[in-house]
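Colleague: Residue numbers for the sequence shown follow full-length UniProt numbering, beginning at 1 and rising by one. Note that CB positions come from ideal geometry on N, CA and C, so glycine has one too. There's a structure below that I have some questions on.
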Amino acid sequence: MLEEYSQINHFLVKVFNEVLRTEEASLKTKEFHNLSLREMHVIEAVCDAVQAAKNTASEIASSQRITAGTLTTTINTLEKKGYVERRQDQRDKRVVRIYPTEKGKTANQVHASFHHKMVSAIMSAMNEEELTVFVKGLAAVKNFLESK
């Protein structure tokens, strides 16, 4: 059991760091050189929020488990860089919604492509039984992290 513990700990640390490194490298194209990984994840959250019609700052901050102040700082930066824009809600003028610009949508598509390639490569290396166990293990990791 101690050996498994050590292996799991090693893999979690290594995988986390490698995913971040690889994900950041995939963003460092000529077009998106000015985006940090955190900013990219906020763009992704904005795109997802628009699809769910939950694209106010407080709704996006909640989905990202960050404070409204932290989100506001990032949105201000992304707005200056041309990736997102704020617009007044058409039905309730008191509400401001956040939308990706075309540049933001393109960045999100590039980012989604990275995720698709990564997940496809993992899935192609496993049979159905292994995938079921893998998904169960990842769910345990996700549940642990969300409880913190």
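Take K103 and list the residues in its own chain whose beta-carbon comes closer than 6 Å to its own, dropping the five residues that flank it on each side.
Modeller: G82, Y83
Colleague: A107 and I66 - do their beta-carbons sit closer together than 8 Å?
Modeller: no
Colleague: When DSSP labels each residue in this structure, what does Y99 get in the three-state scheme?
Modeller: Note: Y99 maps to strand in three-state DSSP.
Colleague: What residue from T56, P100, L2, E129 has the CA that sits closest to D92's CA?
Modeller: T56
Colleague: Counting C-beta neighbours from all protein chains within 10 Å, is the total for S111 16 or more, i.e. buried, or is it exposed?
Modeller: Residue identity check: residue 111 is His in the sequence provided, not Ser. Buried, because 16 or more other Cβ atoms sit within 10 Å of the Cβ of H111.
Colleague: With E31 as the anchor, note down where its alpha helix (DSSP H) starts and where it stops.
Modeller: Note, E31: premise wrong, no alpha helix (DSSP H); not H, not E.
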